[in-house]
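J.: Note that the sequence shown ends on residue 546 in our numbering; no numbers are left out.
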Amino acid sequence: MAQRGALVVVEGLDRAGKSSQCELLRKSLEESGMPVKYIRFPDRTTAIGKMIDEYLRGQSQLDDHAIHLLFASNRWEVARSIEQDIARGYNVIVDRYSYSGAVYSAAKGNPNLSLEWAWLPEIGLPRPDLCLFLQISPDEAAKRGGFGGERYENQAMQTRVRELFHALFKVVRGGHDDVQIIDAGRSLDEVANDIRDAVRGCIERLDAIGPLRKLGPWPGSPRAE
Ligand code: Z5A
Ligand code: MG
């Protein structure tokens, strides 16, 4: 049987360059003859994705928990096809994933929506073999253009999101050695080179990693035992 593909997630703050880097990575892997699929979350094309899109554009109002679960459902609706693609040898590149899911919802400051609560619906989804977090300073991000008109695109939210990404990675990195921080404040090519090296290293380690894993419970919670 052919070797399975790698599940690679690209995460980061607004304008960190996630989509640009996913595209460069896709091209680079394809040029090396490797089969690749690219998906992004939210996937605004599905029925659930259309509800998310309306919410983000301010055209609908939803309870914080309800929209959170829609974002998670938007991942669950393609979880099986991700697993199948990986098994068929495709390297699947994912633009935002469960980490954005947990962090953006928890950043709203709703006292009934903690980071730990926000992680729960992600448990059991395909676990990335590699998660690349594109780190960028607020000043660097600001040089790449002002905020758009979507919900969450404001300074207060972005500051909280930045703090929570670091808090989340501290927790998940306890059990996972697969999160790598990339300095995304450099040129497109410099960032792309680091990403390409990290992904090639991950693909070489796939035999040692073994079968595709699943995202686990919040480390240290009673559910983890
Ligand atoms: N969200 C959530 O709440 N829950 C979830 O579960 C998920 C998401 C999955 C929409 O996401 C919102 O959904 C988002 C999180 C929330 N809210 N916010 N804020 P989205 O992924 O659809 O958002 P986006 O607008 O596509 O992505 P982005 O984060 O804003 O941008 P990006 O993909 O990181 O950056 P980019 O499009 O590649 O580049 C941005 C600009 O910078 C562009 O002009 C580039 O040419 C430029 N750029 C990129 N790299 C460089 C470098 N290295 N140098 C100079 N200029 C650069
Ligand atoms: Mg993007």
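Every residue, glycine too, gets a C-beta built ideally from N, C-alpha and C.
Looking only at DSSP bridge pairs, what is Cys343 linked to?
T.: Answer by DSSP bridge pairing: none, since Cys343 is not bridged.
J.: What's the call for Asp450, buried or exposed, on a 16-neighbour Cβ count within 10 Å?
T.: buried
J.: What do you reckon, is the C-beta of Ser426 under 6 Å from a heavy atom of the ligand MG?
T.: no
J.: So which of Ser341, Ser508 and Leu350 has the shortest CA-CA distance to Arg361?
T.: The shortest CA-to-CA distance from Arg361 to any of Ser341, Ser508 and Leu350 is the one to Ser341.
J.: Find out if the Cβ-Cβ distance for the pair Tyr411, Gly326 is shorter than 7 Å.
T.: For the 7 Å CB-CB criterion, Tyr411 and Gly326 form a contact.
J.: Among residues of its own chain, excluding the 5 on either side of Ser381, which ones have a beta-carbon nearer than 8 Å to its beta-carbon?
T.: Excluding residues within five positions, the ones whose Cβ falls inside 8 Å are Met372 and Glu375.
J.: Given that a residue counts as buried once 16 or more other Cβ atoms are within 10 Å of its Cβ, and exposed if not, what is Ser426?
T.: buried
J.: Using 7 Å as the threshold, is the C-beta distance between Ala428 and Val493 below it?
T.: Cβ distance not < 7 Å, so Ala428 and Val493 don't count as in contact.
J.: Using C-beta distances below 7 Å, list every residue in its chain close to Cys343, excluding the 5 sequence neighbours before and after it, in chain order.
T.: Val331, Tyr359, Ile414 and Asp416
J.: Taking one C-beta from the stretch 443-460 and one from the stretch 473-491 each time, how about it: are there three or more such pairs within less than 8 Å?
T.: yes
J.: From the DSSP secondary-structure annotation, give me the bridge partner or partners of Ile453.
T.: Looking at the sequence itself, residue 453 is Leu, so the reference to Ile does not match. In the DSSP output, where bridge partners are listed per residue, Leu453 has Val331 and Gln501.
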